[in-house]
Amino acid sequence: AHNNLGNLLREFGQLDEAINSYKNALNTKPDYLEVLYSLGLTFEELGSLDEAVESYIKAIEINSDLPAIYNNLGNTYKKMGLLENAVISYKKALIINPNFLESLNNLGITYRDLGQLSDAIKTFKKAIYIYPKYVDANYNLAIAFKDNKDFEAAIESYKLTISLKPDFAEAHNNLGNLYTNLNQSVDAIESFKTAIQIKPDYAEAYNNLGSVYENLQQYYNSVQSYKKAIDLKPNFAEAHNNMGIAFKGLNQLDDALKSFQRAVEINPKFASGHYNLGNIFKDLDRVNDALLSYENAKAINENLENILGNIISAKMNSCNWDGLKDLFDELINKINNNERVIDPFSLFSLIDDPALHRKTSEIRINNYQQRNYSLPTIIKYSRHPRIRIGYFSPDFREHPVGYLTAELYELHDRNHFEIHAFSFGPNSKDSMNLRIKAGVDYFHNVHSMHDDEIALLARSLEIDIAVDLAGHTANSKTEVFAMLAAPIQVVYLSLGTMGADYYDYLIAGDKMIPKKNQKYFLEKIVYLPSFLVNDSQEKLPVNSMSRRDLGLPMEGFVFCCFNNTSKITPNIFDSWARILKAVKDSFLIIYANNELSKTNLIKEIKKRGLDPERLIFGINLPRSKYLDRYRVADLFLDTRPFNAGTTASDALKMGLPVLTCKGNSFSSNEAAGIVNALNLPEMVTNSLEEYESLAIELATNPDKLKKIKEKLQSNLTTAP
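If you count by our numbering, then the sequence shown holds residues 550 to 1269, one letter each, in order.
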């Protein structure tokens, strides 16, 4: 009677009262096997796992021939995280009954949790052999195949599971995830929609459907799916995070910000949410907020990919140099340990080490953009009357790449070349965008196309040579080149190796990559007389800007540097401070792209014993005024290790000499290549001591500086 009452109470969910009844039964009959087994089940339901184990063991001592008790003991051990003990218990159940399907399935799951995938697969297969229509074993076999990277077998197992149980929503959802991982988007969408049709409140399936739309850059559809997931499950942090990514794709940054903030509000330990929040703060120029978000992400998960690099980049972008040495040491150690800690482009501005640059590029390629064999082997095209060259870029617009290359497309000899542009950036329709469209033979707007579609378009047009103008920058399309867009693939305007064997050539300026450094590039190096093309047709502004316009005194020598703020390192700032100290009444105009960097640079110049009035911050100006501003300055001081590129060209074309300090890597030789192309080798120094000395000499010796300016002006019309 006590036992039966316990069973009824357990059935009604009154577990504590059930336990009391079972204990009353055992007080009367201590060896009551059924009660001990039921007591174990009840303790297990309550989460009192130690007491559950004790009850099951007592039951086994009375009768060791019942496989169900061993099976439930294994389940309890599994809940306790004692997986090896669980395996032993399931095996004992199977010794008693080798065809005990439940124990076979549970044993397979435990093997899978232990990472023993081959044992898991064998165990599930044995259960299916005994009973081919065993749905759970087929489902779990599919998961084991997926974990073992046997994706085709996993798909077949999911399909068989679904044929046995067509309304198994979780199987449809998991099959969709597998299709997503294999870039089979159409099949993935169908699977997720079927899961939702079966289970309309399936928030996870809506979230996964949103991810597929996001991968297809169908951001509007993506947002709608995430919203549905959130309606069903308001505290679904992952869906809020994913919706933020989709809003960012739509360039709705305020909405993206709210989504990421909600994600980390729901789950303060959501490392990826903090990371994405940092990225959106960075896009909104809220540099300090970005840094705090990145640091929060790193505190939660220090191994989050690229988090260390983003922290360093945020500090560099705000000229917050506290603790940089320790961060650099950590960065180098992690790169040498093959960890994904920084994107290659960011590393260029930090460390002058071509070996480290190559390693970082290879880490990125090996983890994200390995050679993709999903498209058929590219066929050898028949000989075309004109060689077909395709330029690929997100920046065919008013952008440094657009300003530099506009005339390049126009000047190809149309008797020998047919020029195509593949634009995966916005269709801006600004003056530079319209000029480039007119300057090529064919302009292909591929912004909304998927990577494989872009590669297939290039192949259908039989492009002979594909030129990647984006390299490792944020909006690049390396994945298109990984599929082979053309038989010959070239990278240009990149300042380091791509780290991939599917690029054939890299274009560099003469002497920018010494022969001894070619080993740090996977590509063959093509040397040209000058690295950076320039637009000879650009109309230079009339001289209209004065010192007063820039807030400068009428007297005194004016140094300038309009390189990106993140290129300013503590070492180069030390050099600038020493130069200013040595040149009486001199000033330095620099570009600082956020208020925090200005505050920090003022603090840094004070620390170096200089009046902050000698540091002038130049604002962002329209291009004509930006160029005109160079006429006010007397000498351009370059940064190191990441040299000036476009800014060096701009200064030189405005007649302003550029003083640079070359290093060992490609990015620390860019300005030297540009200056040498103008035949001004005397402006290229080999050490910061030499750099400082020459800057001081030119500032205090007007005749010498005048001769260099005259030579520059003379060379502008003839240099390559």
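All C-beta atoms, glycine included, are put in the ideal place defined by N, C-alpha and C.
Being a predicted model, the structure only gives us computed values, none of them experimental.
Let's test the definition: count the other Cβ atoms within 10 Å of the Cβ of residue i and tell me whether it reaches 16, buried, or not, exposed.
i: R937; result: buried
i: D1000; result: buried
i: I1168; result: exposed
i: V1207; result: buried
i: P1251; result: exposed
i: E583; result: exposed
i: S753; result: A small correction: the amino acid at residue 753 is Glu; Ser does not occupy that position in the sequence shown. With 16 or more other Cβ atoms within 10 Å, it is buried.
i: D944; result: buried
i: F561; result: exposed
i: E594; result: exposed
i: A820; result: buried
i: I644; result: exposed
i: R920; result: exposed
i: Y1179; result: buried
i: I928; result: exposed
i: E1162; result: exposed
i: A601; result: buried
i: T1118; result: buried
i: D1199; result: buried
i: I618; result: buried
i: Q1038; result: buried
i: S895; result: buried
i: T1267; result: exposed
Between which two residues does the alpha helix (DSSP H) containing residue i stretch?
i: D875; result: L873 to N885
i: V584; result: L582 to L595
i: L575; result: L564 to T577
i: I1168; result: Counting along the chain, I1168 falls outside any alpha helix (DSSP H), and DSSP gives it neither H nor E.
i: E753; result: A752 to N764
i: D614; result: Here D614 belongs to no alpha helix (DSSP H), and DSSP marks it neither H nor E.
i: N1120; result: P1119 to A1131
i: M865; result: I856 to N866
i: V1091; result: Neither: V1091 is in no alpha helix (DSSP H) and is coded neither H nor E.
i: P647; result: Where P647 is concerned, there is no enclosing alpha helix (DSSP H), given that its DSSP letter is neither H nor E.
i: G555; result: H551 to E560
i: K1147; result: E1144 to K1156
So, under 8 Å CB-CB, residue i and residue j are touching, yes? Tell me the CB distance rounded to an integer number of Å.
i: M792; j: Y769; result: With a Cβ gap of about 12 Å, M792 and Y769 do not count as contacting.
i: K864; j: I856; result: Not confirmed; about 13 Å, so no contact.
i: V890; j: L876; result: The Cβ separation is near 10 Å, so there is no contact.
i: P1090; j: L1176; result: 5 Å
i: F1215; j: L1044; result: 5 Å
i: Y678; j: T710; result: Contact doesn't hold; Cβ gap of about 16 Å is too wide.
i: N620; j: E651; result: 6 Å
i: N976; j: N994; result: 6 Å
i: F1122; j: T1196; result: With a Cβ gap of about 17 Å, F1122 and T1196 do not count as contacting.
i: N825; j: N882; result: Not really, about 26 Å apart at Cβ, beyond 8 Å.
i: E1284; j: R1096; result: Residue 1284 is absent from the structure shown; the chain starts at 550 and stops at 1269.
i: D1017; j: V989; result: Not really, about 16 Å apart at Cβ, beyond 8 Å.
i: L1145; j: L1164; result: The pair is not a contact, with the Cβ atoms about 15 Å apart (cut-off 8 Å).
i: I692; j: R661; result: 7 Å
i: N646; j: P616; result: 5 Å
i: Y843; j: G822; result: No, Y843 and G822 are not in contact; Cβ-Cβ is about 12 Å, not under 8 Å.
i: S1115; j: N866; result: 5 Å
How far does the beta strand (DSSP E) with residue i in it reach, from first residue to last?
i: I1139; result: F1136 to Y1140
i: V1107; result: V1107 to C1110
Hey, is residue i close to the ligand NAP, as in C-beta under 6 Å from one of its heavy atoms?
i: I645; result: As far as ligands go, the structure on display features none, and thus does not contain the ligand NAP.
Would you say residue i faces chain D, with C-beta separation under 7 Å as the test?
i: L615; result: Note that chain D does not occur in the displayed structure, where there is just one protein chain.
> Quick one: complete beta strand (DSSP E) runs, 3+ long, within the stretch 1181-1258?
Replying inline: 1184-1186 and 1207-1210
>> Quick check for students: name the residue ranges of the alpha helix (DSSP H) that lie wholly in the stretch 656-733, counting only runs of 4 or more.
In response: Inside the stretch 656-733, DSSP marks whole alpha helix (DSSP H) runs of 4 or more residues at positions 666-679, 684-696, 700-713 and 718-730, from first to last along the chain.
> Which ranges does the alpha helix (DSSP H) cover as unbroken runs of at least 4 residues, wholly within the stretch 767-835, from first to last along the chain?
Replying inline: Counting only runs of 4 or more, we get 768-781, 786-798, 802-815 and 820-832.
> Counting only runs that start and end within the stretch 1007-1075, where is the alpha helix (DSSP H) found for 4 or more residues in a row?
Replying inline: Here the runs fully enclosed are 1027-1031.
> Mind pulling the beta strand (DSSP E) runs of 3 or more residues that sit fully within the stretch 928-1008?
Replying inline: 936-942, 966-972 and 991-994
> For the 8 Å Cβ check, are there 3 or more pairs between the stretch 1148-1159 and the stretch 1170-1190?
Replying inline: Put simply, the stretch 1148-1159 does not touch the stretch 1170-1190. Fewer than three CB pairs are less than 8 Å apart.
> Does the stretch 964-971 touch the stretch 692-701, meaning 3 or more C-beta pairs lie closer than 8 Å?
Replying inline: no
> Are three or more beta carbon pairs between the stretch 721-736 and the stretch 752-767 nearer than 8 Å?
Replying inline: yes
>> Measuring CB atoms only, is the stretch 885-899 touching the stretch 828-847, in the sense that at least three cross pairs come out at less than 8 Å?
In response: no
>> Counting beta carbon pairs with one atom in the stretch 1034-1048 and one in the stretch 1062-1072, are three or more of them shorter than 8 Å?
In response: yes
>> Can you confirm whether the stretch 913-928 touches the stretch 946-962 when touching is taken to mean that 3 or more C-beta pairs between the two stretches lie within less than 8 Å?
In response: Contact fails: fewer than three Cβ-Cβ distances are below 8 Å.
>> Restricting to runs no shorter than 4 residues, where is the alpha helix (DSSP H) found entirely within the stretch 881-926?
In response: 893-897 and 903-917
> Is it a yes or a no for the stretch 927-942 touching the stretch 888-908, going by three-plus beta-carbon pairs under 8 Å?
Replying inline: no
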